[in-house]
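Contents: one structure, followed by commentary.
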């Protein structure tokens, strides 16, 4: 019951923030709600762990290793992303919604794009591993065992991403991106289940994000 309650208090929040910011209330109000949702994602897991679970602070050391497995899986995922994008070809992509969204965020020139990509790749990915692997997966694992918990936590991780990409990618690309996010969620949840540390998951996640933002650079700016 406690784990289910924790999931109910956390899992819908990122989707609510994305829907408000991108669909129902784009503008200052939506951005405020989105930012509030992000703050909730950052604070709630730690507060729950410390106050409800009575846990002790930790930097999630990898007692079972796993950094090699994290790096290997990251390179594999990055390779699949790059090859998939190459096979699809930019001539088959409707890039207008993507360019519009990037312009709205002020990332339509090189330096802001690189700064945003670095933030998402290294900082946002760490927050997502803390939230979705360390917290959400553990709550799912208390309710369901093994691979069922892996799939469930990956589904929670995918939902708000799928809503977001549907707003600035054409339907085919949005579907492929959502499948990719879900696959990443499965891999990273498995890594956490196997090694009990967010760092192998984060390393894999970073390498995947480097591929994603590298493709984004090529689509927006070409080879320059």
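Residue numbers (our numbering): 5 to 228.
Quick reminder that beta carbons are idealized off the backbone N, C-alpha and C, glycines included.
Please read all numbers here as calculations on a predicted model, not as lab measurements.
Residue i: first and last residue of the uninterrupted alpha helix (DSSP H) it sits in
| i | result |
| --- | --- |
| residue 145 | 142–147 |
| residue 134 | Careful: residue 134 lies outside any alpha helix (DSSP H) and carries neither H nor E. |
| residue 109 | Element bounds for residue 109: n/a, residue is neither H nor E. |
| residue 3 | No statement about residue 3 is possible, as the shown extent of the chain runs from 5 to 228 and does not include it. |
| residue 1 | Outside the displayed span of the chain (5 to 228) sits residue 1, for which this structure offers no information. |
| residue 58 | It is not in any alpha helix (DSSP H) - residue 58 carries neither H nor E in the DSSP assignment. |
Residue i and residue j closer than 7 Å at C-beta
| i | j | result |
| --- | --- | --- |
| residue 82 | residue 181 | no |
| residue 19 | residue 219 | no |
| residue 208 | residue 7 | no |
| residue 157 | residue 144 | yes |
| residue 52 | residue 10 | yes |
| residue 199 | residue 105 | no |
| residue 183 | residue 165 | no |
Separation of residue j from residue i, as counted between CA atoms
| i | j | result |
| --- | --- | --- |
| residue 97 | residue 178 | 11 Å |
| residue 89 | residue 222 | 11 Å |
| residue 69 | residue 197 | 12 Å |
| residue 16 | residue 44 | 11 Å |
| residue 101 | residue 60 | 45 Å |
| residue 75 | residue 108 | 34 Å |
| residue 202 | residue 188 | 14 Å |
| residue 72 | residue 126 | 18 Å |
| residue 117 | residue 216 | 13 Å |
Outcome for residue i when other beta-carbon atoms lying within 10 angstroms are tallied against a minimum of 16
| i | result |
| --- | --- |
| residue 141 | buried |
| residue 137 | buried |
| residue 133 | buried |
| residue 41 | buried |
| residue 38 | buried |
| residue 49 | buried |
| residue 204 | buried |
| residue 139 | buried |
Is there contact between the stretch 187–196 and the stretch 157–177, where contact requires at least three CB pairs shorter than 8 Å? yes
Indicate whether the contact test is met: 3 or more Cβ pairs, each with one atom in the stretch 145–160 and one in the stretch 24–32, closer than 8 Å. no
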